[in-house]
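Novice: One structure follows; several queries about it will come next.
Protein chains: 2
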Amino acid sequence: MDCVVFGFDEGELKLLLIERGLEPFKGRWALPGGFVRVNETLDEAARRELVGETGLKNVFLEQLYTFGEVERDPRERVVSVAYYALVKLSDHRAKAATDAANAQWFPVSKLPKLAFDHAEILRMALARLQGKVRYQSIGFELLPEKFTLSQLQHLYEAVLETELDKRNLRKKVLSFGLLVPLEETQMVGRHRPAQLFRFDQKRYEQLRKKGFHFEI
Amino acid sequence: MDCVVFGFDEGELKLLLIERGLEPFKGRWALPGGFVRVNETLDEAARRELVGETGLKNVFLEQLYTFGEVERDPRERVVSVAYYALVKLSDHRAKAATDAANAQWFPVSKLPKLAFDHAEILRMALARLQGKVRYQSIGFELLPEKFTLSQLQHLYEAVLETELDKRNLRKKVLSFGLLVPLEETQMVGRHRPAQLFRFDQKRYEQLRKKGFHFEI
DNA sequence: TCAAAAGTGTTCTTGATACACCCATGC
DNA sequence: GCATGGGTGTATCAAGAACACTTTTGA
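Residue numbers (our numbering), protein chains in the order written: chain A, 1 to 216; chain B, 1 to 216.
So this is what it looks like as structure tokens:
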């Protein structure tokens, strides 16, 4: 099992990598991963690995694809079920960054060369993320609990690698009625403070059962 | 590996099932499947199984999901990579139906009880099919090479389980410029003969590379 | 001449896009 | 008072949805 862990911080999409201590690919960066035990499900294995590497519980986790090329591991035949995870990195930055000494967050735009077929796994995870973020609420899994509409816009711009119109995006996301304005504002820098919102997950689930279809 | 094989015939979406000859679930119907060999990829295993059961080459095949519940096979721990396939059933009806004595096509609306967790695998395959058919050209994989617009409409109606407006659907699919009208017409029953079309796969690939986005 | 499916246009409504200025704050 | 990002509305255009009658054939 391998796990593509995405975070969003400082306006950039980031990826968690582990520096390999053993051959093959010793010293190269790789996706966190490990072997599935006989008495645990695939999901449980992915979540166990995730907790081990990041210390984070309650993160979004979804199966991505299963990679079964015969020569993908030079040692022996290994089939790998890949997952991808979305973590609220800016809420847990300090913790997540330091838990594993050999783990590090890289901007997706500036990655080192990866071990095994992990570049291909990442490519697929990015494609999935870009596809799903437009019609599911998974974007909010990457934002802190309380966020501003500018943060939301920057997230979409980073993931989709495009520029978006501020007014049109705000109009659309607010029209869903899923963002709850909070009492607080966020004050950073010498300019007007920004309204904070939270995403109403419960209401989203209700609407989705009634056939509601979210789209950015 | 398990394989969800869909066909479309007589206006209905159909599923290929195998009657199990051995325990567990002896006598119950199951998805075609088998074990992946050490020196073949997952895709190769799925295609090998598909050729064995249907005798069909060149069918659409895509990985669906990997099922890893601990108790999904009562004998021992088995992880299964599920695929789904789309076959042009009406082109090959006679051949496909008789190749394997214990194989049979069932309307998706009238299925027997399935072995193992195959009902869940099917549920997921149906969801995938319903999702993808709207924005990819996979629908044509279920139609014969030459088809009428009514057949196309009935296919979408069967897969999506809705009714569609004849005029709006024709307007939209023809607007893509991907359906080539043929010289021939199809004459069935005592009414006006229907224009036959073929899907221009090459042109579709070209457009897709340029960012073209198909949607029903 | 009748039954049965094939084929064809227009109107209305909705949502997408494009676009420019004022506001609140810290320095 | 000025630099910085936060916040807001309207006009235009394109696509989706709703809708009914004529055409061609075989029996």
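Beta carbons: idealized from backbone N, C-alpha and C, even for Gly.
So, under 8 Å CB-CB, Gln195 (chain A) and Pro181 (chain A) are touching, yes? Tell me the CB distance rounded to an integer number of Å.
Specialist: Contact flag correct, Cβ pair sits at about 6 Å.
Novice: Given a limit of 7 Å on CB to CB distance, which residues of the segment 125-149 of chain A reach chain B?
Specialist: Those residues of the segment 125-149 of chain A that come within reach of chain B (Cβ to Cβ, closer than 7 Å) do not exist; the list is empty.
Novice: Hey, quick one: how far does the alpha helix (DSSP H) through Gln151 (chain A) stretch, first residue to last?
Specialist: 149-160 is the extent of the alpha helix (DSSP H) around Gln151 (chain A).
Novice: Anything in chain A within Cβ reach of Thr41 (chain B), meaning under 7 Å, just list it in chain order.
Specialist: Near Thr41 (chain B) (Cβ distances below 7 Å), the residues of chain A are Gly68, Glu69, Val70.
Novice: Shorter than 9 Å from the beta carbon of Tyr65 (chain A) to some beta carbon of chain B?
Specialist: It does: the Cβ of Tyr65 (chain A) has a partner Cβ on chain B nearer than 9 Å.
Novice: Using DSSP with H/G/I as helix, E/B as strand and the rest coil, what is Thr98 (chain A)?
Specialist: Its pLDDT being 48, under 50, Thr98 (chain A) is placed unreliably by the model, and the measurement read from it follows with that caveat. DSSP places Thr98 (chain A) in helix when its eight states are reduced to three.
Novice: Taking Cβ positions, are Thr66 (chain B) and Gln151 (chain A) nearer each other than 9 Å?
Specialist: No, Cβ-Cβ distance for Thr66 (chain B) and Gln151 (chain A) is not below 9 Å.
Novice: Taking 9 Å as the threshold (beta carbon to beta carbon), is Val159 (chain B) in contact with chain A?
Specialist: Answer no: the Cβ-Cβ gap between Val159 (chain B) and chain A never drops below 9 Å.
Novice: Since Pro144 (chain A) and Lys14 (chain A) are thought to touch, with beta carbons under 8 Å apart, how far apart are those beta carbons, to the nearest angstrom?
Specialist: Their Cβ separation, rounded to whole angstroms, is 14 Å, which puts Pro144 (chain A) and Lys14 (chain A) out of contact at 8 Å.
Novice: What residue range is occupied by the uninterrupted alpha helix (DSSP H) comprising Ser175 (chain B)?
Specialist: Unbroken alpha helix (DSSP H) run through Ser175 (chain B): 166-175.
Novice: Give the straight-line distance between the Cα atoms of Leu155 (chain B) and Ala45 (chain B), rounded to the nearest whole angstrom.
Specialist: One C-alpha to the other measures close to 29 Å.
Novice: Determine whether the beta carbon atoms of Lys138 (chain B) and Asp2 (chain B) lie at a separation below 9 Å.
Specialist: The question names Lys, yet the displayed sequence has Ile at residue 138 (chain B). Contact: no.
Novice: Can you have a look at His118 (chain B) and say buried or exposed, based on whether 16 or more other CB atoms are within 10 angstroms of its CB?
Specialist: Buried: at least 16 other Cβ atoms inside 10 Å.
Novice: Would you say Arg77 (chain A) reaches chain B, if we count a Cβ-Cβ gap shorter than 9 Å as a contact?
Specialist: At least one chain B Cβ lies under 9 Å of Arg77 (chain A).
Novice: Would you identify the three-state DSSP class for Ile216 (chain A), choosing helix, strand or coil?
Specialist: Correct three-state label for Ile216 (chain A): coil.
Novice: In three-state terms, what does DSSP make of Lys14 (chain A)?
Specialist: In this structure, Lys14 (chain A) counts as strand in the three-state DSSP scheme.
Novice: Which residue from B:Glu23, B:Ala30, B:Leu179, B:Phe8 puts its Cα closest to that of Lys113 (chain B)?
Specialist: Residue B:Ala30 is the option with its Cα nearest to Lys113 (chain B).
Novice: For Glu44 (chain B), name the three-state secondary structure that DSSP assigns.
Specialist: Correct three-state label for Glu44 (chain B): helix.
Novice: Expressed to the nearest angstrom, what Euclidean distance is found between the alpha-carbon atoms of Arg77 (chain B) and Leu16 (chain B)?
Specialist: Roughly 25 Å between the two C-alpha positions.
Novice: Could you say which of B:His191, B:Tyr84, B:Glu215 lies nearest to Asn168 (chain B) if we only look at CA atoms?
Specialist: Ranking B:His191, B:Tyr84, B:Glu215 by Cα distance to Asn168 (chain B) puts B:Glu215 first.
Novice: Tell me whether the beta-carbon of Gly68 (chain B) lies closer than 9 Å to the beta-carbon of Val51 (chain A).
Specialist: Taking 9 Å as the Cβ cut-off, Gly68 (chain B) and Val51 (chain A) do not qualify as a contacting pair.
Novice: Mapping DSSP to helix, strand and coil, what is Gly131 (chain B)?
Specialist: Here Gly131 (chain B) sits in helix by DSSP.
Novice: If you follow the alpha helix (DSSP H) that Gln206 (chain A) is in, where does it begin and where does it stop?
Specialist: From DSSP, the alpha helix (DSSP H) with Gln206 (chain A) extends over 201-209.
Novice: Below 8 Å, can you find three or more Cβ-Cβ pairs linking the segment 159-173 of chain B to the segment 124-133 of chain B?
Specialist: Yes, the segment 159-173 of chain B touches the segment 124-133 of chain B.
Novice: Ala221 (chain B) by DSSP, collapsed to three states: which one?
Specialist: Limits of chain B in this structure are 1 at one end and 216 at the other, which puts residue 221 (chain B) out of reach.
Novice: What's the gap between the Cα of Gly11 (chain A) and the Cα of Glu19 (chain B)?
Specialist: Those two C-alpha atoms are separated by around 55 Å.
Novice: Which term fits Thr98 (chain A), buried or exposed, when burial requires 16 or more other beta carbons within 10 angstroms of its beta carbon?
Specialist: Bear in mind that a pLDDT of 48 at Thr98 (chain A), under 50, signals an unreliable position, so the number given afterwards is only what the model happens to contain. It counts as exposed.
Novice: Mind pulling the chain B residues with CB within less than 7 Å of Val38 (chain A)?
Specialist: Here the neighbours are Arg77.
Novice: Any C-beta of chain B sitting closer than 9 Å to the C-beta of Val59 (chain A)?
Specialist: It does not; no Cβ of chain B falls within 9 Å.
Novice: What in chain A is Cβ-close to Val81 (chain B), meaning under 9 Å?
Specialist: Those within 9 Å of Val81 (chain B) in chain A are Thr66, Gly68, Val79, Val81.
Novice: List the DSSP bridge partners of Arg77 (chain B).
Specialist: According to DSSP, which records beta bridges pairwise, Arg77 (chain B) is partnered with nothing at all.
Novice: Any heavy atom of the ligand HEM closer than 8 Å to the Cβ of Glu53 (chain B)?
Specialist: In the structure on display, the ligand HEM does not appear, and there are no ligands present to speak of.
Novice: Take Gln104 (chain B) and list the residues in its own chain whose beta-carbon comes closer than 7 Å to its own, dropping the five residues that flank it on each side.
Specialist: Result list for Gln104 (chain B): Leu17, in chain order.
Novice: So, under 8 Å CB-CB, Gln186 (chain B) and Lys166 (chain B) are touching, yes? Tell me the CB distance rounded to an integer number of Å.
Specialist: Actually they do not touch by this definition, with Cβ atoms about 17 Å apart.
Novice: For Thr98 (chain A), decide whether its Cβ has a neighbour in chain B, counting only Cβ atoms nearer than 9 Å.
Specialist: The pLDDT assigned to Thr98 (chain A) is 48, lower than 50, so where the model puts this residue is not dependable, and the model offers no usable value.
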